[in-house]
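Novice: Dropping a structure here in C-alpha cells format, bear with me for questions.
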Amino acid sequence: MTWSGNEVRQQFPILQQKVNGKRLIYLDSAASAQKPQVVIDALSSVYSTNYANIHRGIYRLAEETTRQYEAARAKIAKFINAASTDEVIFVRNATEGLNLVVYSWGRSNVGAGDRIIVTELEHHSNLVPWQWLAQEQDAELAFIPITDAGELDLAALPPLLADGHAKVLALSMMSNVLGTIPDLAEIIHLAHAAGVVVVLDGAQAVPHLPVDVQALDADFMAFSGHKLGGPGIGALWGRRELLEAMPPFLFGGDMILSVRKDRSTWSELPYKFEAGTPAIAEAIAFGAAIDFLTELGMENVRQHERRLVTYALAELSAVPGLHLLGPAPEKHGGAVSFWLEGIHPHDVAAILDEEGICVRAGQHCAAPLHRRFGIPASTRASYYVYNFNEDTDALVVGLHKVIKLLRR
Amino acid sequence: MTWSGNEVRQQFPILQQKVNGKRLIYLDSAASAQKPQVVIDALSSVYSTNYANIHRGIYRLAEETTRQYEAARAKIAKFINAASTDEVIFVRNATEGLNLVVYSWGRSNVGAGDRIIVTELEHHSNLVPWQWLAQEQDAELAFIPITDAGELDLAALPPLLADGHAKVLALSMMSNVLGTIPDLAEIIHLAHAAGVVVVLDGAQAVPHLPVDVQALDADFMAFSGHKLGGPGIGALWGRRELLEAMPPFLFGGDMILSVRKDRSTWSELPYKFEAGTPAIAEAIAFGAAIDFLTELGMENVRQHERRLVTYALAELSAVPGLHLLGPAPEKHGGAVSFWLEGIHPHDVAAILDEEGICVRAGQHCAAPLHRRFGIPASTRASYYVYNFNEDTDALVVGLHKVIKLLRR
Amino acid sequence: MSNLYREELLEHYHDPLNYGVIENAEVDIDRDNPTCGDTIHLTARLDEDDRIAEMKFEGQGCVVSMAAASLLTAEVVGKSPEEIAALGLHDIEELLGGMRLSMGRVKCALLALTALQQGLEEAGR
Amino acid sequence: MSNLYREELLEHYHDPLNYGVIENAEVDIDRDNPTCGDTIHLTARLDEDDRIAEMKFEGQGCVVSMAAASLLTAEVVGKSPEEIAALGLHDIEELLGGMRLSMGRVKCALLALTALQQGLEEAGR
Ligand SMILES: Cc1ncc(COP(=O)(O)O)c(C=O)c1O
Ligand SMILES: Cc1ncc(COP(=O)(O)O)c(C=O)c1O
Numbered sequence: 424m425t426w427s428g429n430e431v432r433q434q435f436p437i438l439q440q441k442v443n444g445k446r447l448i449y450l451d452s453a454a455s456a457q458k459p460q461v462v463i464d465a466l467s468s469v470y471s472t473n474y475a476n477i478h479r480g481i482y483r484l485a486e487e488t489t490r491q492y493e494a495a496r497a498k499i500a501k502f503i504n505a506a507s508t509d510e511v512i513f514v515r516n517a518t519e520g521l522n523l524v525v526y527s528w529g530r531s532n533v534g535a536g537d538r539i540i541v542t543e544l545e546h547h548s549n550l551v552p553w554q555w556l557a558q559e560q561d562a563e564l565a566f567i568p569i570t571d572a573g574e575l576d577l578a579a580l581p582p583l584l585a586d587g588h589a590k591v592l593a594l595s596m597m598s599n600v601l602g603t604i605p606d607l608a609e610i611i612h613l614a615h616a617a618g619v620v621v622v623l624d625g626a627q628a629v630p631h632l633p634v635d636v637q638a639l640d641a642d643f644m645a646f647s648g649h650k651l652g653g654p655g656i657g658a659l660w661g662r663r664e665l666l667e668a669m670p671p672f673l674f675g676g677d678m679i680l681s682v683r684k685d686r687s688t689w690s691e692l693p694y695k696f697e698a699g700t701p702a703i704a705e706a707i708a709f710g711a712a713i714d715f716l717t718e719l720g721m722e723n724v725r726q727h728e729r730r731l732v733t734y735a736l737a738e739l740s741a742v743p744g745l746h747l748l749g750p751a752p753e754k755h756g757g758a759v760s761f762w763l764e765g766i767h768p769h770d771v772a773a774i775l776d777e778e779g780i781c782v783r784a785g786q787h788c789a790a791p792l793h794r795r796f797g798i799p800a801s802t803r804a805s806y807y808v809y810n811f812n813e814d815t816d817a818l819v820v821g822l823h824k825v826i827k828l829l830r831r
Numbered sequence: 424m425t426w427s428g429n430e431v432r433q434q435f436p437i438l439q440q441k442v443n444g445k446r447l448i449y450l451d452s453a454a455s456a457q458k459p460q461v462v463i464d465a466l467s468s469v470y471s472t473n474y475a476n477i478h479r480g481i482y483r484l485a486e487e488t489t490r491q492y493e494a495a496r497a498k499i500a501k502f503i504n505a506a507s508t509d510e511v512i513f514v515r516n517a518t519e520g521l522n523l524v525v526y527s528w529g530r531s532n533v534g535a536g537d538r539i540i541v542t543e544l545e546h547h548s549n550l551v552p553w554q555w556l557a558q559e560q561d562a563e564l565a566f567i568p569i570t571d572a573g574e575l576d577l578a579a580l581p582p583l584l585a586d587g588h589a590k591v592l593a594l595s596m597m598s599n600v601l602g603t604i605p606d607l608a609e610i611i612h613l614a615h616a617a618g619v620v621v622v623l624d625g626a627q628a629v630p631h632l633p634v635d636v637q638a639l640d641a642d643f644m645a646f647s648g649h650k651l652g653g654p655g656i657g658a659l660w661g662r663r664e665l666l667e668a669m670p671p672f673l674f675g676g677d678m679i680l681s682v683r684k685d686r687s688t689w690s691e692l693p694y695k696f697e698a699g700t701p702a703i704a705e706a707i708a709f710g711a712a713i714d715f716l717t718e719l720g721m722e723n724v725r726q727h728e729r730r731l732v733t734y735a736l737a738e739l740s741a742v743p744g745l746h747l748l749g750p751a752p753e754k755h756g757g758a759v760s761f762w763l764e765g766i767h768p769h770d771v772a773a774i775l776d777e778e779g780i781c782v783r784a785g786q787h788c789a790a791p792l793h794r795r796f797g798i799p800a801s802t803r804a805s806y807y808v809y810n811f812n813e814d815t816d817a818l819v820v821g822l823h824k825v826i827k828l829l830r831r
Numbered sequence: 004m005s006n007l008y009r010e011e012l013l014e015h016y017h018d019p020l021n022y023g024v025i026e027n028a029e030v031d032i033d034r035d036n037p038t039c040g041d042t043i044h045l046t047a048r049l050d051e052d053d054r055i056a057e058m059k060f061e062g063q064g065c066v067v068s069m070a071a072a073s074l075l076t077a078e079v080v081g082k083s084p085e086e087i088a089a090l091g092l093h094d095i096e097e098l099l100g101g102m103r104l105s106m107g108r109v110k111c112a113l114l115a116l117t118a119l120q121q122g123l124e125e126a127g128r
Numbered sequence: 004m005s006n007l008y009r010e011e012l013l014e015h016y017h018d019p020l021n022y023g024v025i026e027n028a029e030v031d032i033d034r035d036n037p038t039c040g041d042t043i044h045l046t047a048r049l050d051e052d053d054r055i056a057e058m059k060f061e062g063q064g065c066v067v068s069m070a071a072a073s074l075l076t077a078e079v080v081g082k083s084p085e086e087i088a089a090l091g092l093h094d095i096e097e098l099l100g101g102m103r104l105s106m107g108r109v110k111c112a113l114l115a116l117t118a119l120q121q122g123l124e125e126a127g128r
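Residue numbers (the working numbering), protein chains in the order written: chain A, 424 to 831; chain B, 424 to 831; chain C, 4 to 128; chain D, 4 to 128.
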C-alpha cells in the first residue's frame with residue numbers, strides 16, 4: 424500500500440460515501456478513527472467462522488479463538504515494543520486503563536502528603552482519576568503549566584520533584600487539543616531520577632507516532648484501539664515488576680487462580696487484570712488495525728501527518744480572525760485547534776457539517792486547558808492516515824462560508 | 424421467524440460450517456453465545472456507513488451514531504422493563520457491572536460489621552468482588568447454602584436477615600452450572616422486608632428468560648451482551664434513586680459536567696457511569712441482538728429451551744455412570760452439567776470435540792459449588808435458541824464413545 | 004443549509020432582543036454549559052401576580068443558545084412561574100421556527116429556559 | 004481421533020507407571036490445578052549425587068496430566084536437579100509422543116513436572 428493515488432484512503436469504506444451528495448471529509452480522528460476494511464472483516468470473520476469464549480475451552484473452536492486473541496495481544500506488545508506480551512492488558516479504552524492504574528497502583532502507592540503531578544493540558548481522563556486519588560488519599564495534585572505557545576513549561580518540574588514528596592507523574596504523550604508532543608525523554612529522565620513513576624496517556628500518541636515503551640523507559644501507558652482504527656477496546660501497558668506487585672482491580676471470572684468461599688488467589692499476568700469475558704472479537708480486530716498500521720509503518724504515518732499539519736497550519740492562519748492554538752509543526756501531532764473571532768465553535772461545526780466536513784467543537788474533554796487560554800471552547804480539525812490536503816482546502820472554503828454567514 | 428424448519432438456526436452463519444466434515448454442534452452458549460447475522464451486519468453497517476464518536480459531536484455523522492447508541496440503550500431498557508432508559512449503563516460485561524456496584528455502592532454503603540449475603544452457587548464474578556468488599560470494609564460474608572438437588576436452601580435466609588446487620592444480598596438469577604432458577608420473588612420480598620439491597624447477576628437469566636426488573640422489584644442487575652448474541656459488551660441496570668446517590672466509579676471524559684483543576688462535577692445518569700469513549704458499535708449491535716430476541720419472544724425462548732433441557736436430562740440420565748447436577752426441568756435453565764464416573768471432564772470435552780461437539784469442562788468459574796458437591800470439575804452442555812434435540816442425540820452418541828475409550 | 008441558520012434566527016443572534024441586565028431584579032442568575040462553554044446572565048422582573056414583567060439576558064454562546072434566549076425574552080412576558088415551569092424543549096423548538104434539534108444542540112437551546120426556571124425557583128416562586 | 008487418545012497414552016492413563024507414594028522421600032509435594040481440578044501428590048528419592056533415584060505419584064486428572072506424570076516417572080531417573088529445572092513444555096510434548104498441545108491442555112501436561120521442580124526447590128536442591 425502506498426500513500427499516493429489514495430490507496431490508503433480506499434481501504435476505508437465509510438470515506439467512499441457521499442453526504443448530501445458531497446464527499447465525506449472526516450477531520451475528527453482525534454475523537455475516534457474510521458475503520459479500514461480489514462478491521463470490519465476481522466469482526467465478521469471471527470463471528471462467522473471462529474467464535475467461542477476463550478481460555479478454559481478444551482474444544483478447537485475455543486482454542487483457535489484463544490490463539491487469535493493472544494496473537495492480537497502479541498501484535499500490540501510488539502507495536503509498542505513491550506518487553507513481554509504479558510505486560511499488555513486489554514481494557515475498554517484509555518480511560519479505563521488510566522483508572523486501573525489509579526485504583527490498583529495508586530491506592531497502594533500514593534499516601535497522605537504525597538504529590539501527584541499532572542499537566543495543564545491533560546484530557547479529563549488523565550486528570551479526573553488523579554483528582555479522585557488525591558482526594559481519596561489526601562495527597563496533593565500539582566500541575567506542570569503550559570506556555571502561551573502550548574508547550575509544557577518544564578522549568579516547573581524540578582521544583583515539584585525536589586522535596587521527595589512526588590510519587591507519580593501522569594502526562595499525555597500528545598495533546599488532543601494543541602497537538603503538542605512533549606519532550607518525553609527529558610521528562611521521564613527527571614522523574615525517574617527522583618524515583619517518580621511515570622504514567623503515560625498514549626491515547627493520541629500511539630495511533631500517530633512510533634512508540635517504544637522500553638526506549639522511553641516508561642512505567643505505564645494507556646491507549647485506545649478505537650482511535651487507531653480498531654473497535655471499542657483499549658489497552659494498558661505496564662512494566663512487569665509494577666504490574667506483578669499490584670493488587671487486582673476488577674474481580675471475577677478468569678482473573679483468579681483458586682477461589683474458596685472466604686478467599687481467592689490471582690492468576691498470573693496479564694489475566695490478573697482481565698476479569699470476566701473480555702471483548703474477544705474486538706481484541707482480534709484491534710490486532711488487525713495494528714497490522715494495518717504496521718504495514719503502513721508508523722514513521723510513514725508520522726511523516727504523512729506532519730505534511731498535512733504543516734499545510735493546514737499555513738492555510739488556516741490565512742483565514743481572517745482565525746487564531747491557531749498549539750506549537751509549530753515539528754512538535755505538533757494530528758490535532759489542529761483554533762478559534763474564530765466572534766463565532767462560537769458550535770456554529771462553526773454545524774455550518775461545516777452542511778459541507779460534509781466533520782470537525783469537533785467544544786472543550787474536547789480539556790476544560791482546564793481552555794480556561795488557561797481564556798477561551799470558552801475551540802474548533803478542532805484532526806488528521807489521520809486517510810486525510811489529504813484537499814480536506815484542508817475544503818475546510819478553508821467552509822470556514823469562509825462560516826465567516827460570511829456569521830461575522831458582521 | 425419460526426422455530427420449525429431450522430429457521431432460527433439458519434440466522435447463525437457459524438453454525439452453517441462443517442468442522443472436520445461434521446456439523447458444528449455448539450453446546451457452550453452459557454460461556455458465550457453465537458451471533459446471528461443481524462448482529463454481524465450491525466457492526467459492519469455502523470463502521471461502513473455511520474461511525475463517529477458520540478455525544479459531543481455537532482455534525483450529522485456523530486449525531487446519527489449517538490442516536491443509534493441511545494436507541495440501543497432504550498431497547499435494552501425495554502427488554503428488561505426498566506422504569507427509565509437512564510437506568511441502563513453500558514459496561515464491558517456482567518463482571519464489570521457487578522464490580523461497579525461493589526466499588527461505587529458497596530464502598531459507600533457497607534461498613535464494618537455489616538453482612539454481605541451471597542449463595543454457594545455464585546459464579547466467581549458475583550463472589551470474588553464481594554469477598555474483596557468484605558475484606559476492604561471489614562464486613563462479614565455469609566452464604567445461602569445449596570441442597571443436594573442444587574436448589575438454594577432458603578431456610579437459611581431469614582436468620583441471616585434477622586439481626587439487621589445484612590446490607591446486601593447478591594445472587595444469580597440462574598446458575599451457570601446447575602441451571603437452577605431460584606424463587607426470586609420470595610427472596611427479594613424477604614430481603615426488602617429487612618431493608619437489604621438486592622443485586623442480581625443476570626448473566627444467565629437475561630439471555631434465556633423473560634426478565635422484568637420492576638416486577639421483580641430488584642435493585643441492581645448486571646448482564647452480558649455476548650451471552651445473548653451481541654458482541655463484547657454488557658450492561659448494568661440499577662434503580663434510579665440508588666444510582667443517583669452513588670459516587671462515580673471510573674473517572675474521565677464524558678462522565679463529567681465541569682472540570683476545574685482541583686475538582687469536578689458529574690454528569691446526569693447514565694453518563695455519570697460511562698467514562699471515556701464507550702464501545703459504540705458494540706452497543707448498537709447489542710441492540711440488534713435484543714431486537715432478534717424480542718422478535719423471537721423471550722417466553723418462546725424459555726419454552727424452547729425447557730423442551731430441549733427436558734429431553735437432554737432424560738437422554739443423559741440413561742448414559743451409564745453419568746451423574747446429572749441440578750434441579751428438575753421446570754426450575755432448570757439452559758445449562759446442563761454432569762460428571763462421568765472415572766473420567767475427567769477434560770477428556771470428555773476433548774473427545775467430544777473430535778465429533779464436532781463443543782462442551783465446556785472444568786469448574787465453570789464456580790469453584791465453591793464444585794467443592795460443595797465434592798467433585799473436582801464437571802462437563803457442561805448448555806443450550807440456546809439455535810439448538811435442537813439432534814444436538815443432544817449427537818452428544819449422547821459422543822458420550823458413549825468417550826466411555827468406550829476411557830472406562831475400564 | 005438547515006433552517007438553523009435562517010436569516011430570522013441570525014437576526015436574533017446578531018441583534019438579540021432584551022440584551023442587558025435589569026438592576027435589582029427578583030430573578031438574577033448565572034448559568035453555564037460547561038462542556039460547550041456557553042454562559043448566560045439572566046435577570047427578570049415580576050409583576051404583582053408574580054408573572055414575568057420583563058426579562059433580559061447577557062452572555063456568550065452559539066446561534067442556537069443566543070437566538071433561543073432572545074426569543075424567550077419576548078415569549079415569557081405575562082407568564083406565571085407555573086406556566087414557565089411547564090415549558091420544555093418542544094416549546095423552544097417551536098420558538099426557533101418549528102425545527103427538531105439534534106442531541107448536540109439541545110443543551111444550547113435550553114440554556115436560557117433552564118436558567119429562568121432555576122432562577123424563579125431560587126427566588127421562591 | 005487426535006493422537007492424544009492413542010492406545011499408548013491410554014495405557015499410561017489406565018495403568019500408570021510408579022503410581023503410589025515413597026515414604027520418607029526427600030521430595031514430597033502436593034500440587035493442584037484449581038481451575039480444572041487436577042491434583043497430584045508427588046514423592047521422589049534422591050541418590051548421593053542428588054540425582055533422582057525414584058519418583059512416584061498419586062492423583063486425579065485427565066489423560067494428559069496422568070499420562071505425562073506416568074511417563075515422567077521413568078524419564079527423570081538419574082537426572083540432576085539442574086537437568087530437571089531445564090525441562091519444559093516441549094520436553095513433555097516429546098514424551099507424549101511428539102504432539103503439540105493446545106493452550107487448554109498445557110497446564111495439565113505440566114502439572115507433574117512443575118510439582119517436581121517445585122518439590123526439588125523446596126527440598127533445597
Ligand atoms: C452466572 C454468571 N455470572 C457472571 C458471569 C460473568 O459474565 P462475563 O464473563 O460476561 O462478565 C457469567 C458468565 O460466565 C455467569 O454465567
Ligand atoms: C489525550 C487523550 N487521553 C485520553 C483520551 C480518552 O480516550 P478514551 O475515550 O478512548 O478512553 C483521549 C480521547 O479522547 C485523549 O485524546
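Glycine included, every Cβ here is placed at the ideal spot set by N, Cα and C.
#1: So Met-58 (chain C) and Thr-38 (chain C) are in contact, right, with Cβ under 8 Å, and what is the actual spacing, rounded?
#2: With a floor of 3 residues, list each beta strand (DSSP E) that falls wholly inside the region 589 to 618 of chain A, ordered by position along the chain.
#3: How about Ala-70 (chain D) and Tyr-16 (chain D): do their beta carbons lie closer than 7 Å?
#4: Less than 7 Å between C-beta atoms, sequence neighbours within five positions excluded: which residues of the same chain meet that for Ala-641 (chain B)?
#5: Would a C-beta distance cut-off of 7 Å place Val-511 (chain A) and Ala-517 (chain A) closer than the cut-off?
#6: Less than 7 Å between the C-beta atoms of Lys-82 (chain D) and Ile-55 (chain D), yes or no?
#7: Are the C-beta atoms of Ser-527 (chain A) and some chain D residue less than 7 Å apart?
#8: What's the gap between the Cα of Val-600 (chain B) and the Cα of Leu-575 (chain B)?
#9: Going by alpha carbons, who is nearest to Glu-124 (chain D) out of D:Asp-31, D:Asp-52, D:Ser-68, D:Ile-95?
#10: Please list, in chain order, all residues of the same chain as Met-4 (chain D) whose beta carbon is under 7 Å from its beta carbon, the five residues on each side excluded.
#11: How many Å lie between Glu-705 (chain A) and Gly-657 (chain B) at the Cα?
#12: Less than 7 Å between the C-beta atoms of Ser-471 (chain B) and Pro-654 (chain A), yes or no?
#13: Counting only Cβ pairs nearer than 7 Å, list the residues of chain B close to Pro-37 (chain D).
#14: Tell me which residues share the same chain as Ser-647 (chain B) and place their Cβ nearer than 7 Å to its Cβ, disregarding the 5 neighbours each side in the sequence.
#15: Can you name the residues that DSSP bridges to Asn-443 (chain B)?
#16: Taking a contact to mean a Cβ-Cβ separation below 7 Å, would you say Ala-118 (chain C) touches Val-67 (chain C) in this structure?
#17: Which residues in the same chain have their Cβ closer than 8 Å to the Cβ of Arg-725 (chain B), if we skip the five residues on either side of it in sequence?
#18: Would the C-beta of Thr-488 (chain B) count as close to ligand 2, meaning under 6 Å from any of its heavy atoms?
#19: Which value, in whole angstroms, describes the spacing of the CA atoms of Gln-533 (chain B) and Lys-590 (chain B)?
#20: When burial is assigned at 16 or more other CB atoms within 10 Å of the CB, is Gln-637 (chain A) buried or exposed?
#21: If you measure beta-carbon to beta-carbon, which residues of the region 17 to 35 of chain C are closer than 8 Å to chain A?
Specialist: Quick look at the numbers:
#1: 25 Å between Cβ atoms; not a contact.
#2: 589 to 595
#3: yes
#4: Ile-611, Val-621, Leu-623
#5: no
#6: yes
#7: no
#8: 13 Å
#9: D:Asp-31
#10: Only weak support exists for where Met-4 (chain D) lies, its pLDDT of 41 falling under 50; the coordinates are left without a value.
#11: 14 Å
#12: no
#13: Ala-790
#14: Asn-516, Ala-517, Ala-626, Gly-657
#15: Asn-443 (chain B) pairs with nothing; no bridge assigned.
#16: no
#17: His-631, Leu-632, Pro-633
#18: no
#19: According to the sequence as given, residue 533 (chain B) is Val; it is not Gln. Cα to Cα, the separation comes out at about 6 Å.
#20: exposed
#21: His-17
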